[in-house]
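Engineer: Using the working numbering, the letters of the sequence shown map in sequence onto residues 11 to 294. After the structure tokens below, expect a handful of questions from me.
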Amino acid sequence: MQYKRGHFYLMTLLLLVITSLPLMATDLKGTYVDLLVRGEYEELSQHLAKWEEIAPDDPELYIAYFNYHFNLSRQEGMIIGMDPPEDEEVIALKDPETGEIAGYVYNEIYYDEDHMGLALEYLDEGLKRHPDRLDMHLGKIHTLGLVSRYEEQKDALIAVLDISYQNGNNWLWQDGERLADGFSNILENTQSRLYQYFQLKDENGYDYIIAVSEKIIELYPEVAYSYNNIAAVHYHRRDYQEAIKYFKLAEEKAPYDTIVISNIAYLSKVTGDIETALEYYEKL
């Protein structure tokens, strides 16, 4: 099976790769960046309080508060477990009697709940005041994924789709810059999240894909890959009848989409409909 994987935009508010911001002592944001990069959190806390007095409605202030608490929440330590990350170095622990692997020691990043809670609260307050800041929405969505709060992440995706429909896909980015193509941006980022749900070792991931894809169909019925997403879920659940139904709906919206055509051909082959399989393979 194939999935359309959208581009993933790394949010400035989540990264310390923010050297493009002016690092001038007289600039509130520049000073904040400098203190954050240097890890001067006590001084940064005082600076943020001063910034809040001067410009309490500045959207960049809420991103700064988010970054402050997000960085304080991030912890790192060695743990023992049975499911180490694939990209981490591990030490295998063997049972002395059987010689079989009993576990692994590996490094893991985790997040302090109190600071993470405050980080998200500040981001929510910023979004309440500035709902058209897509960078803040996507930063929240990304963060919820980092801490495995997938149900909330799914709800946040649906909420941002509703806002996008209401504001005509007119989104702002960092420093209030207007996005040239908010429609493509929101859909590509959403599709990237749905692709990650396919990787979850959790049946709920399939439910999240369907819920978000159905919202896209409700708001933007011509977007073909939402039907493809739902079809892929039904395929993995071995409900081939529903899968082919949604693949055909995707084909109606995008008759020349090679991913959709390939999926119909493959599923037809799996279900023994060789004639249809050959028909669609010939279209590729």
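Just so it is clear, CB atoms sit at the ideal spot from N, CA and C, and this is done for glycine as well.
Distance, Cα to Cα, Q251 vs G192?
Structural biologist: About 35 Å.
Engineer: Does the beta-carbon of I196 have 16 or more other beta-carbons within 10 angstroms, so that it is buried, or is it exposed?
Structural biologist: The residue is buried, with at least 16 neighbouring Cβ atoms inside 10 Å.
Engineer: For the beta strand (DSSP E) that contains N180, what are its first and last residues?
Structural biologist: Counting along the chain, N180 falls outside any beta strand (DSSP E), and DSSP gives it neither H nor E.
Engineer: What number of angstroms, rounded off, separates the C-alpha of Y175 from the C-alpha of K39?
Structural biologist: Whole-angstrom Cα-Cα distance: 31 Å.
Engineer: Taking just the CA atoms, how far does V243 sit from Y291?
Structural biologist: Cα to Cα, the separation comes out at about 22 Å.
Engineer: Fully enclosed by the stretch 168-252, which alpha helix (DSSP H) runs are 4 residues long or longer?
Structural biologist: Listed in chain order, they are 192-208, 214-229, 234-246.
Engineer: Note down the Cα distance separating H152 from P106, rounded to an integer number of angstroms.
Structural biologist: Looking at the two C-alpha atoms, the distance is approximately 42 Å.
Engineer: Less than 7 Å between C-beta atoms, sequence neighbours within five positions excluded: which residues of the same chain meet that for N177?
Structural biologist: Excluding positions up to five away in sequence, the list reads D142.
Engineer: For G91, which of V115, E262, W61, N239 has the nearest alpha-carbon?
Structural biologist: The shortest Cα separation from G91 among V115, E262, W61, N239 belongs to V115.
Engineer: Alpha carbon to alpha carbon, how far is E162 from G215? Give it in angstroms, no decimals.
Structural biologist: One C-alpha to the other measures close to 12 Å.
Engineer: Rounded to the nearest angstrom, what separates P66 and G49 at their Cα positions?
Structural biologist: Going by the C-alpha atoms only, they are around 23 Å apart.
Engineer: Quick one: using the 10 Å Cβ neighbour count with 16 as the cut-off for buried, is N270 buried or exposed?
Structural biologist: According to the sequence shown, residue 270 is Val rather than Asn. The residue in question, V270, is buried, as its Cβ has 16 or more Cβ neighbours within 10 Å.
Engineer: By how many angstroms is the C-alpha of K263 removed from the C-alpha of E135?
Structural biologist: Distance between the alpha carbons of E135 and K263 is about 39 Å.
Engineer: Going by the beta-carbon positions, is the gap between Y75 and Y121 smaller than 8 Å?
Structural biologist: It is not a contact, given that the beta carbons lie outside the stated cut-off.
Engineer: Please classify G87: does DSSP put it in a helix, a strand, or coil?
Structural biologist: The answer is strand: DSSP assigns G87 an E or B state.
Engineer: Hey, how far is the Cα of Q206 from the Cα of K104?
Structural biologist: In a straight line, the C-alpha of Q206 is about 33 Å away from that of K104.
Engineer: Can you list, in chain order, the residues of its chain with a C-beta nearer than 8 Å to that of Y160? Leave out the 5 residues immediately preceding and following it.
Structural biologist: Result list for Y160: L154, Y207, L210, D212, N214, G215, Y218, in chain order.
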